[in-house]
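Asks: Below is the structure I would like to discuss, written out as structure tokens.
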Amino acid sequence: MRVTATTDAPPATDADTIVVGVFEDEGIAHDHGGALQALVDSGEAKRGLRKLAVTHAEGRRYLVAGLGGRGDFDPERARVVAAAVVGRAKELGTKTLCWEVPHHVSDAHVAGLVEGTLLAAYTYREFKEPETDGIEALVLSAHHDVGAASTAAATVASFVNRARDLQNKPANVLTPTALAERASELEGVRVEVLDGDGIRAAGMGAFAAVAQGSYEDPRLITIRYEGEGATGPLLGYVGKAVTFDSGGISIKPAAKMHEMKFDMSGGAAVLEALGAIAALKLPVRVAGVIGATENLPSGRSMKPGDIVRSKSGVSIEINNTDAEGRLVLADCLTHAIELGAERLIDLATLTGAMVVALGKTHAGLLASNDDWAAAVESAGARAGELNWRLPLHAEYDEQIKGRYADIVNSPADRGAGGITAAQFLKRFTGDVPWAHLDIAGTAYDNKKPYTPNGGAGYGVRTLVELARGA
Ligand code: BES
Ligand code: MN
Ligand code: ZN
């Protein structure tokens with residue numbers, strides 16, 4: 001979708017459909033022969049959030065969109081109402097949509113309208129006929145210049161949609177190799193890739209153990225971005241990219257196994273966030289580290305009881321081959337620290353337990369440092385990506401103590417599975433402030449208003465906001 005901004009009034013644009021918002025207790029700001037206000041006065045157009053009414057005036061189609069109370073209108077509400085508009089506009093055959101930006105709203109609200117529109121309009125049709133009812137262009141009309149805000153928001157949304165593309169691709173197409181190729185296409189960053197031999201040679205015994213069962217060669221993808229004028233700490237963004245998680249020898253039940261093509265969602269978020277940060281030329285330094293591999297059963301697979309040595313030197317007893325994400329991440333976190341990361345955040349579809357705890361509404365946030373956790377919480381709130389903090393505590397270390405090695409990858413006690421997984425990761429973060437987002441619930445099929453079924457692109461916007469706030 002092309003996105004442009006103008007200070008012309010909506011009727012002066014070439015839009016076939018014009019959206020005019022109306023707040024509770026307010027009237028239509030610029031009417032067209034009284035048609036819109038009459039619709040509101042008759043009760044046909046309602047002011048509640050997401051309420052929509054259609055009319056025609058002066059040869060144009062108008063959508064009157066309820067915005068709810070002005071005091072409640074935040075960027076997230078802007079995304080939500082924009083998504084409702086997309087649904088109706090598509091039904092009506094809209095090709096060029098013009099939003100009349102409500103008076104006295106901030107750049108963040110304008111960004112919300114743009115993001116909500118682009119994110120809601122996303123479809124994944126790589127293996128289907130292309131869609132015919134797509135909106136082709138979005139115009140933002142405001143009294144002041146909203147060009148910069150809308151362009152930046154469109155950039156971020158397009159990278160979220162790229163992450164969704166990566167997630168939605170089937171595992172036979174999106175292999176670790178294919179993911180590394182996508183990373184190499186990013187502009188404004190330096191990309192280094194290690195293959196299976198490189199990963200083994202680097203001493204990454206935990207990552208290598210997960211990869212050894214598959215014919216697909218793994219990839220360790222490092223993406224470095226150095227923004228001009230950057231002064232803050234080097235940010236380490238780490239992502240789990242298990243392009244298919246069958247569970248390995250500890251194989252998963254068949255029913256939902258196909259969903260495990262989404263087990264690369266953390267890696268996709270890191271990859272596309274780096275792309276967005278570079279496109280926006282944010283003044284930060286970021287090292288993205290993505291561990292990409294399949295987890296499959298074969299005659300070469302890791303086995304329950306196997307003991308491996310991580311790059312950090314910690315020995316790990318693999319008592320469940322389905323707890324593979326933490327094995328991959330252990331070596332990726334160590335790698336990020338070796339690259340000089342001074343703040344760490346990892347994103348991973350790590351545990352089913354987190355889906356039980358928080359559902360698909362919030363990602364689990366666990367952190368070793370309160371200031372860094374607060375930065376992640378605030379970035380998520382600005383982005384409209386919810387996260388909720390859960391505790392880490394030394395007492396949980398009892399659960400991951402190894403019998404034959406330093407630690408086990410799967411605690412015998414199934415309680416607090418999302419926490420013990422994080423407690424495992426913490427062993428590989430040294431004294432670097434670290435936060436972990438368990439996105440197992442939020443990464444796909446999360447039923448958010450502006451997120452179509454399938455890959456949600458969750459995390460891209462939080463990571464961009466985190467870089468903006470750093
Ligand atoms: N990728 C899964 C976690 C997952 C489950 C993501 C459901 C999305 C939806 C992860 O690799 C896994 O299998 N975790 C195990 C860990 C257990 C064996 C300690 C789990 O959650 O069951
Ligand atoms: Mn698993
Ligand atoms: Zn997994």
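In the UniProt record's numbering, the protein residues as written are 1 to 470.
The beta-carbon is built from N, C-alpha and C at its ideal position, and this holds for glycine as well.
This structure is a prediction, so every number in the text was calculated from the model and none was measured.
Could you give the first and the last residue of the continuous alpha helix (DSSP H) run that contains E377?
Replies: 370-383 is the extent of the alpha helix (DSSP H) around E377.
Asks: Taking just the CA atoms, how far does D445 sit from D16?
Replies: 32 Å
Asks: Taking R77 and G66 to be in contact with their CB atoms under 8 Å, please state how far apart those CB atoms are, rounded to whole angstroms.
Replies: Their Cβ separation, rounded to whole angstroms, is 11 Å, which puts R77 and G66 out of contact at 8 Å.
Asks: State yes or no: is the C-beta of A157 within less than 8 Å of the C-beta of L113?
Replies: Going by C-beta atoms, A157 is not nearer than 8 Å to L113.
Asks: May I ask you to check if the CB of I346 is nearer than 7 Å to at least one heavy atom of the ligand MN?
Replies: According to the sequence provided, residue 346 is Asp. The question's Ile does not apply to it. Every heavy atom of the ligand MN is 7 Å or more from the Cβ of D346, so no.
Asks: Consider the C-beta atom of E324 and the heavy atoms of the ligand MN; say whether any pair is separated by less than 7 Å.
Replies: yes
Asks: How about the stretch 234-246 and the stretch 344-359: do they share at least three Cβ pairs that are nearer than 8 Å?
Replies: yes
Asks: Just the C-alpha distance for T293 and T175, rounded to the nearest angstrom, thanks.
Replies: 8 Å
Asks: Mind checking which residues open and close the alpha helix (DSSP H) that includes D438?
Replies: D438 -> not in any alpha helix (DSSP H); beta strand (DSSP E) instead, spanning 434-438.
Asks: Does the beta-carbon distance from L179 to M260 come in below 8 Å?
Replies: no
Asks: When you compare only the Cα positions, how much space is there between K95 and T4?
Replies: 14 Å
Asks: Can you tell me which of the three DSSP states G87 falls into?
Replies: Helix at G87.
Asks: Note down, in chain order, each residue of its chain lying with its Cβ closer than 6 Å to the Cβ of H362, except the 5 sequence neighbours on either side.
Replies: L386, N387, W388
Asks: I'd like to check one pair, I221 with I277: are the Cβ atoms closer than 8 Å?
Replies: Not closer than 8 Å, so no.
Asks: Which residue or residues does DSSP assign as beta-bridge partners of F424?
Replies: Beta-bridge pairing links F424 to no other residue.
Asks: Based on Cα-Cα distance, which residue from R60, L390, V191, D306 lies nearest to A208?
Replies: Of the candidates R60, L390, V191, D306, the one whose C-alpha sits nearest the C-alpha of A208 is D306.
Asks: In the structure shown, what three-state DSSP assignment does I316 receive?
Replies: I316 sits in a strand when the DSSP states are folded into three classes.
Asks: I'd like the span of the alpha helix (DSSP H) that includes L39, first residue to last.
Replies: Its alpha helix (DSSP H) spans residues 35-41.
Asks: Among R79, R60, V101, D74, which one has its Cα closest to the Cα of L92?
Replies: R60
Asks: Please state if the CB of E317 and the CB of V376 are separated by a distance shorter than 8 Å.
Replies: no
Asks: Could you tell me if the beta carbon of D263 falls within a distance shorter than 7 Å of some heavy atom in the ligand BES?
Replies: yes
Asks: By the three-class DSSP mapping on this structure, what secondary structure does V173 have?
Replies: coil
Asks: Since G116 is in the beta strand (DSSP E), which residue starts that stretch and which ends it?
Replies: Element bounds for G116: not the beta strand (DSSP E) but the alpha helix (DSSP H), 107-120.
Asks: At 3 residues or longer, what runs of the beta strand (DSSP E) sit wholly inside the stretch 305-355?
Replies: Within the stretch 305-355, the complete beta strand (DSSP E) runs of at least 3 residues are 306-309, 315-318, 343-348.
Asks: Count the C-beta pairs between the stretch 250-259 and the stretch 198-207 that are closer than 8 Å, then say yes if the count reaches three, no if not.
Replies: no
Asks: Let me check one thing: in DSSP terms, what residues is L386 bridge-paired to?
Replies: Residue pairing by DSSP leaves L386 without any beta bridge partner.
Asks: For E465, I'd like the list of residues in its chain whose CB is within less than 7 Å of its CB, leaving aside the five on either flank, ordered along the chain.
Replies: A379, R382, A383
Asks: By Cβ distance below 7 Å, which residues in the same chain neighbour D413 in space, the five residues on each side in sequence not counted?
Replies: Q399
Asks: Check for me: the alpha helix (DSSP H) holding T243 runs from which residue to which?
Replies: No alpha helix (DSSP H) contains T243, which is instead part of the beta strand (DSSP E) from 235-245.
Asks: Could you check where the beta strand (DSSP E) with G196 kicks off and where it finishes?
Replies: Run containing G196: none in the beta strand (DSSP E); it sits in the alpha helix (DSSP H), 196-201.
Asks: How close, in whole Å, do the beta carbons of residue 481 and A269 come, if the pair is a contact with beta carbons under 8 Å?
Replies: It is not possible to answer for residue 481, since the shown part of the chain is limited to 1 through 470.
Asks: For the beta strand (DSSP E) that contains L220, what are its first and last residues?
Replies: 219-226
Asks: Closer than 8 Å by C-beta to L390: which residues in its own chain qualify, once you throw out the five before and the five after it? Chain order, please.
Replies: A357, G364, L365, L366, G418, I419, A422
Asks: To the nearest angstrom, how far is it from the Cα of residue 471 to the Cα of S368?
Replies: The structure shown has nothing for residue 471, since the chain only spans 1 to 470.
Asks: Going by alpha carbons, who is nearest to G116 out of A467, R461, R468?
Replies: Per the Cα distances, R461.
Asks: Can you tell which of L296, P411, H30, A440 has the C-alpha that lies nearest to the C-alpha of S141?
Replies: H30
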